[in-house]
Amino acid sequence: MAEQKTSMLLHLHRRPWFWAFAASALAFAATYALTAGSGSGELLAATLTFATFSAIVGIGQMFVITMGPGNVDLSIPATMTLAGTLSLKFMDGATTLILPGLGLALLVGLAAGLFNYALIRLLRIPPIIATLSASFLYQSLAIWWNRGLRIKPPEALSDFTTGSVLGLPNLTIIGILIAVASWVLLERSLFGRWISAVGQNTRAARLSGVPVETVKALTFTGSAVLASLTGYLLASFSGGAALNMGTEYLLISIAVVVIGGSSIAGGNSNVPGIWGGALLMFLVVSMLNSYGLGAGVRLILTGTIIIAIVAAASGRKDCA
Amino acid sequence: MQQATEAGSSPPARPLVALSDARMAFGAVRALDGVSLTIQPGECVGLIGHNGAGKSTAVNVINGGLTPTGGSVEYSLPDGGTGTGAAAARAAGIRSVFQELSLCPNLTVEETIRVPHHDLSGFGWRKTARKRISEALDRIFPGHGIETGATVGDLSLAERQMVEIAAGFAEGKMAVRLVILDEPTSSLDAAVARQLLAYVRTFCSAGGAVIFISHMLGEVFEVASRIDVMKDGKIIASRPASEFTQQSLIDAMGHVASTQAEAATRADAENRLGEEVLTTPEGLSARRGEIVGLAGLAGHGQAEALARFFMSRSAGMRHTKAPEVTFVAGDRGRDGVLPLWSILQNLTLTTLPSLLRNGLVDRSAEDGLGKDWKQKIGIRTDNMSNPILSLSGGNQQKVLFARSLASTAPIVVMDDPMRGVDVGTKQEAYDMIRREAEAGRTFLWYSTETDEIVQCDRAFVFRNGQISAELVGDDISEENILAASFEMHEEAS
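Listed below in structure tokens is the structure:
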């Protein structure tokens, strides 16, 4: 029994997501030490809440990246902004419209995802270009509809997004539920097998009867829907939609996938790592903030961390 | 032409290249099995043989690209001495023009020539390069219309082939004395091919030497002074071209006898076969329970025909528990194996939609299927959850067979699936295919091996992307396949 336990502990570090969580714990400890223990409860709550936003968009991005080289969704920030803007304007502070507003946000995501896929399929544009150019469209639409208005979310919704149950923020509970569902989808379902097959060798997958195009369409749509949900939640949480609210999630959505130990070459992804990466990203930023470093240094360090992790991950593959 | 004349003035007794008992083994495969040949200045040697006879290996040994694992290759150098190795081959003025175009698409025509011509450097190399390539193009293909500043990627396939040929014959620091042309006319139209043949004749009569490899027997007869026939890594006939006829050449390339077992299968073929289940625009057709072979020389459209057929019967958008057709890949790395997965996951990919419970993959059903097939086709592993890449090539191929055969698809398409598979596994696979056919499955089987095609009930021979012959039953023989694979008639000009 004891032996089994040790071997399990010994093998824990072989999990691809292990390092993201280990690094998060370290970053938390460093920030905790700096603030001399005061406000650690608030730090934890803030970490969990903000990590939730990164985790949800990260999961969508992860599925896209699993499909292999060249597959990435760069329209996530614009989709978030458009969904947040539109749904808040639609609800206009009315509590009765909370659910229809959510429906509208998800509909925006659905439309954006299908549009992205249509560009890729019908016009044969590489996904990276298609989603980037589509994101200009979405952002312009958001600007056009928003016209600088800042509309407050319905009070009930605002309370819900900032509230918590037993110390666990409501948003984090949603994020964890999405992660669990995604884990089942990726590891246990037919769709998960298919997406991994497409990521490893699209041609072989197609020749083995995998409906490659359906997999692609669902994946890009799923990513956009998760982005729109995040946009809705983030706008409600922060008291209104802003036109730049999605900006930082472009880098973060990719970073959490990479940091979480998913293979950027595709075919091999894991969900727990997304959460590990999301926690780490927020903690690094808040740690650098507490040390009084500016936005420029923060971005440089974030970039450096991603490069270091990609380099370390590819080095590990060579040794194996 | 000047350099050719120089070569012609050397004493004729001294060969440009002499191979004696050259052997080349890749692992267990003996690609060259003791080849002796000499090439004299002024000779044009036609080299023929079917796929895998060892022609390309011979070419690479002659041009110094491969060092033979046995025997020797000796070049006579312009200074009167002899040498061995790639540097000596270059110094001896040996050039090759390959069948698979080897030009870099991003370079211009004049830049292209710098790759083989190491002396082009320093200021003004472009001018020299332009002079060399345009002179060669004008000499061989008068009226070619190719700009030397054009990017190779923008040229048509035929123009690229012309540039590659011209680069082979172009003037350089070392005089050109022997040019090896591997299927030079396969992408040229008749008129341009004629220009090339005429040039080869002039080049040889001026004392240069050419090794001419072609599946167009008419062309070989037109230029060759001697014809060497290769089979199984050996030269089995070498005579002046005038002593061969097209028929005697085809006979010389050899045939494979069909065994008794196959004859027996064929006898009951008529009872076994059902209604017609497929026809394609190319003219392929097959009946239920029939094994249909796609024969002919490699790269004549068989694989494309199979891929087109498969794609037309399966869509990228929908999926089904009962696919109409499944595909067995031969190029495992490109078309079949999913390298990150276990043996089991690779095996069950096609059948997965029928292994669901509550919307999720039923893993005990999956294990069961894996166990069944491990036993049925003898996958050599102690654990089906080992990575697929832990298996040998032959066993990976068995997994790919199982992936297709485990489904209920009535039609199985096979794209040369026995590539690089050992003899024992091949025999097991043949038996399995025959059993499945008897149970009513239809097989479309592309193979480059004649002894596989003779096992089929019917064979379609492809040439230049079209079906050139349909052979049934005992008519499926190496002679008939070869006759239909090669251009029997003179090119109409």
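Chains as they are written, first to last, in the numbering used here: chain A, 1 to 320; chain B, 1001 to 1493.
Beta carbons are placed, not taken as given, at the ideal position from N, Cα and C, and that holds for glycine.
Q) Under a CB-based cut-off of 7 Å, is F1327(B) close to chain A? A) It does: the Cβ of F1327(B) has a partner Cβ on chain A nearer than 7 Å.
Look up S208(A) in the DSSP assignment and say whether it is helix, strand or coil. DSSP places S208(A) in coil when its eight states are reduced to three.
Practice item. Specify whether the segment 1357-1366 of chain B and the segment 181-191 of chain A touch according to this definition: at least 3 beta carbon pairs, one from each stretch, less than 8 Å apart. Key: A contact exists between the segment 1357-1366 of chain B and the segment 181-191 of chain A.
Less than 7 Å between the C-beta atoms of S1076(B) and L1016(B), yes or no?
For S1076(B) and L1016(B), yes; Cβs fall inside 7 Å.
With a cut-off of 8 Å, do at least 3 Cβ pairs link the segment 24-34 of chain A to the segment 287-298 of chain A?
Output reads yes: the segment 287-298 of chain A touches the segment 24-34 of chain A.
Tell me the DSSP secondary structure of S1342(B) in three-state form. Reduced to three states, the DSSP call for S1342(B) is strand.
Taking only beta-carbon positions, decide if L1352(B) is within less than 7 Å of chain E. Among the chains of the structure shown, chain E does not appear; the protein chains present are A and B.
Simplified DSSP state of T1259(B), which is helix, strand or coil: Because T1259(B) carries a pLDDT of 42, less than 50, the predicted location of this residue cannot be relied on, and the following value inherits that uncertainty. Coil.
Classify R1435(B) as buried or exposed, calling it buried when 16 or more other Cβ atoms lie within 10 Å of its own Cβ. Exposed.
Using C-beta distances below 6 Å, list every residue in its chain close to K89(A), excluding the 5 sequence neighbours before and after it, in chain order. The beta carbon of K89(A) sits closer than 6 Å to those of I151, all from its chain and outside the five residues before and after it, given in chain order.
Contact list for R1403(B) against chain A, beta-carbon separation under 8 Å: Residues of chain A passing the Cβ test: S208.
Between V198(A) and the rest of its own chain, which residues show a CB-CB distance below 6 Å, the 5 nearest in sequence each way excluded?
These residues qualify, in order along the chain: M67, A205, V212 and V215.
(request) Within 10 angstroms of the Cβ of W144(A), are there 16 or more other Cβ atoms? Answer buried if so, exposed if not. (result) Exposed, since its Cβ has fewer than 16 Cβ neighbours within 10 Å.
Check your understanding: Using a Cβ-Cβ distance under 7 Å, would R15(A) count as near chain B?
Key -> For R15(A), the answer is no, since every Cβ of chain B falls outside 7 Å of its Cβ.
Checklist entry - Going by alpha carbons, who is nearest to S196(A) out of G222(A), S262(A), N170(A) and P154(A)? => result Of the residues G222(A), S262(A), N170(A) and P154(A), the one whose Cα lies closest to the Cα of S196(A) is S262(A).
| said: Threshold first: 4 residues or longer. Then list the alpha helix (DSSP H) segments lying entirely within the segment 1024-1087 of chain B, N to C. | reply: Counting only runs of 4 or more, we get 1055-1062.
query = Got a sec, what are the start and stop residues for the alpha helix (DSSP H) Q1246(B) sits in?
reply = The continuous alpha helix (DSSP H) containing Q1246(B) extends over residues Q1246 to M1253.
So, with DSSP's three-state summary, where would you put W1445(B)?
Reduced to three states, the DSSP call for W1445(B) is strand.
Exercise. Can you pull the chain B residues whose beta carbon is under 8 Å from the beta carbon of A204(A), in chain order?
Key: Neighbours of A204(A) across chain B, judged by C-beta separation under 8 Å: A1329, R1334, D1335, G1336, V1337 and L1338.
Looking at W17(A) and N270(A), is the spacing between their C-beta atoms short of 7 Å? Yes.
Checklist entry - Alpha carbon to alpha carbon, what distance is there between L1389(B) and L166(A)? => result The C-alpha of L166(A) lies about 48 Å from the C-alpha of L1389(B).
Tell me whether Q1375(B) is buried or exposed, calling it buried when 16 or more other Cβ atoms sit within 10 Å of its Cβ.
Burial call: exposed.
**Asked** If the cut is a Cβ gap below 8 Å, which residues of chain A does F1310(B) touch?
**Response** When 8 Å is used as the limit between beta carbons, F1310(B) is near these residues of chain A: L207, in chain order.
Quick check for students: name the residue ranges of the beta strand (DSSP E) that lie wholly in the segment 143-194 of chain A, counting only runs of 3 or more. Runs of the beta strand (DSSP E) inside the segment 143-194 of chain A: none found.
Separation of S1312(B) from L74(A), as counted between CA atoms
Distance between the alpha carbons of L74(A) and S1312(B) is about 33 Å.
Taking Cβ positions only, does Q1195(B) come closer than 7 Å to chain A? Not one beta carbon of chain A lies nearer than 7 Å to the beta carbon of Q1195(B).
Beta carbon proximity, S189(A) to chain B, threshold 7 Å:
Interface annotation, S189(A): in contact with chain B, CB-CB separation under 7 Å.
Notebook entry, point to check: Applying the criterion that 16 or more other CB atoms from any shown protein chain within 10 Å of the CB defines a buried residue, is D1335(B) buried or exposed?
Noted result: Per the 10 Å Cβ criterion, buried.
Could you pull the start and end residues of the alpha helix (DSSP H) that L48(A) belongs to?
Bounds of the alpha helix (DSSP H) holding L48(A) are S40 to T66.
Exercise for review: Please state if the CB of G1049(B) and the CB of V1337(B) are separated by a distance shorter than 7 Å.
Suggested key: Not a contact, by the Cβ cut-off of 7 Å.
(message) Run through chain B and tell me which residues come within less than 8 Å of N268(A), C-beta to C-beta.
(response) Per Cβ cutoff of 8 Å: L1340.
Mind listing the chain A neighbours of L1278(B)? Cutoff is C-beta to C-beta under 7 Å, in chain order.
The premise fails here: L1278(B) is roughly 17 Å from chain A at the closest Cβ pair, so nothing lies under 7 Å.
Let me check one thing: in DSSP terms, what residues is D1138(B) bridge-paired to? Listed as beta-bridge partners of D1138(B) by DSSP are no residues whatsoever.
Determine contact between the segment 248-265 of chain A and the segment 109-127 of chain A, defined as no fewer than three beta-carbon pairs at a distance below 8 Å. Not touching, per the Cβ criterion.
Exercise for review: Report the residue from T1425(B), E1428(B), I1433(B) and Q1396(B) whose alpha carbon sits nearest the alpha carbon of M1414(B).
Suggested key: For M1414(B), the nearest C-alpha among the options comes from I1433(B).
_Does the contact criterion of 3 or more C-beta pairs under 8 Å hold for the segment 1187-1207 of chain B versus the segment 1108-1117 of chain B?_
Because the criterion of three Cβ pairs below 8 Å is not met, the segment 1187-1207 of chain B and the segment 1108-1117 of chain B do not touch.
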